[in-house]
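Be aware that the sequence shown starts at 133, since it is given in the numbering used here, and climbs by one per residue.
Comments concern the structure below.
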Amino acid sequence: MSERPDSEKLLLIASAVADALEEAAISIRKIFAEELEVIKRRERTLESVVQAFPKDLAELLYFEDAGDHILVRPKGYLGSERFQRILEIVRNLGGEYVSTGKDSHFKVPKKFEAFASKTESEKAPPLEAPPERPKTLLEEVEASMPADLKGLVAFEDTPSSVLVRPREYLSSEPFKRINNIIRDRFKGEYVSAGKDSHWRIDKPEAKPMAQFDPEELMRHEWKGKKKAGGGYTKGSLSWGWDFASEFSPAVVEALKKGPLKIDGYEFSLASSQKIVRSRKVKESG
Numbered sequence: 133m134s135e136r137p138d139s140e141k142l143l144l145i146a147s148a149v150a151d152a153l154e155e156a157a158i159s160i161r162k163i164f165a166e167e168l169e170v171i172k173r174r175e176r177t178l179e180s181v182v183q184a185f186p187k188d189l190a191e192l193l194y195f196e197d198a199g200d201h202i203l204v205r206p207k208g209y210l211g212s213e214r215f216q217r218i219l220e221i222v223r224n225l226g227g228e229y230v231s232t233g234k235d236s237h238f239k240v241p242k243k244f245e246a247f248a249s250k251t252e253s254e255k256a257p258p259l260e261a262p263p264e265r266p267k268t269l270l271e272e273v274e275a276s277m278p279a280d281l282k283g284l285v286a287f288e289d290t291p292s293s294v295l296v297r298p299r300e301y302l303s304s305e306p307f308k309r310i311n312n313i314i315r316d317r318f319k320g321e322y323v324s325a326g327k328d329s330h331w332r333i334d335k336p337e338a339k340p341m342a343q344f345d346p347e348e349l350m351r352h353e354w355k356g357k358k359k360a361g362g363g364y365t366k367g368s369l370s371w372g373w374d375f376a377s378e379f380s381p382a383v384v385e386a387l388k389k390g391p392l393k394i395d396g397y398e399f400s401l402a403s404s405q406k407i408v409r410s411r412k413v414k415e416s417g
């Protein structure tokens with residue numbers, strides 16, 4: 133029996149290798165498809181979403197299981213830098229920021245797709261942090277305390293002041309540091325009252341609105357009819373009007389509650405709330 137030429141042997145070997153590679157490719161595709169199905173069936177848990185955030189960010193957030201999604205809500209104002217860090221993590225988890233005023237939050241889907249990472253050109257543009265609301269006095273005081281001092285005191289918000297109470301006996305050094313912050317930044321004071329000793333920072337009093345004065349309506353120079361050449365004739369208490377902006381806020385607020393009768397005259401606010409009217413009324417009797 134004659135031997136096959138070398139070229140034929142090489143063809144047979146190449147064919148066998150090709151068959152083996154095809155079988156391997158089929159097996160790999162099958163395994164890959166099975167693994168992909170397993171991945172698609174997986175769901176994120178509340179714990180896994182929490183763990184995706186560094187501790188310094190997780191402490192600023194509430195996490196809530198909402199069925200198909202995990203909701204991530206800020207405990208307070210985040211600031212631009214922390215907002216962007218949180219948003220980047222949420223987007224990497226396939227989530228998004230939902231802007232709904234006071235109920236704004238981040239939303240992360242429980243189900244996720246494998247290999248769903250986006251290219252730089254496909255990534256959503258960065259969002260701007262929500263507009264900053266004015267901080268309360270309590271928030272300002274808390275933010276002013278360094279981390280090593282904040283754990284030594286408790287903060288209490290009362291209608292007229294913010295109180296800062298030592299949690300335990302304070303040695304001279306931390307006492308002086310806390311006292312300097314409260315005194316120098318907030319004009320507060322230390323109240324020595326035994327076990328109830330504390331620092332007190334008074335809240336700035338809201339400027340009270342001036343009281344309603346009926347004489348403002350009675351002495352007002354009222355407008356009358358419109359002149360052909362522009363301007364208005366002189367009106368009177370018996371029949372007159374003027375723009376609401378010409379009166380004090382106290383008068384306008386009083387008229388918003390309904391017409392006012394003063395010494396035989398009635399004063400009212402138009403439905404547009406931009407015009408105040410005056411007219412004489414007949415006394416019933």
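Note that the Cβ used here is the ideal one computed from N, Cα and C, for glycine as well.
Counting only residues of its own chain and dropping the five nearest sequence neighbours on each side, Trp373 has a CB closer than 6 angstroms to the CB of Lys355, Ile407, Arg409. Residue range 269-276 is occupied by the alpha helix (DSSP H) that includes Glu271, with no beta strand (DSSP E) assigned at that position. In this chain, the alpha helix (DSSP H) harbouring Arg317 covers 304-318. Sequence-distant Cβ neighbours of Leu192 in its own chain, meaning closer than 6 angstroms and more than five residues away, are Lys207.
Between the alpha carbons of Glu378 and Tyr194 lies a gap of roughly 49 angstroms.
Straight through space, the alpha carbons of Gly199 and Asp151 are spaced by roughly 49 angstroms.
By a beta-carbon distance limit of 8 angstroms, Lys412 contacts Leu369. Their separation comes to about 7 angstroms.
A Cβ-Cβ separation of about 15 angstroms leaves Arg332 out of contact with Ser276 under the 8 angstroms criterion. Note on geometry: alpha-carbon atoms of Phe375 and Ser231 lie some 38 angstroms from one another. Taking 8 angstroms as the cut-off, the beta carbon of Leu284 is found no closer than this to the beta carbon of Arg297.
Using a Cβ distance threshold of 8 angstroms, Val240 and Val182 do not count as a contacting pair. Assigned with DSSP and collapsed to three states, Glu155 falls in helix. Distance between Ser400 and Pro346, taken at the CA atoms: about 13 angstroms. Excluding sequence positions up to five before and after Arg317, its CB lies within less than 8 angstroms of the CB of Ser276, all in the same chain and listed in chain order.
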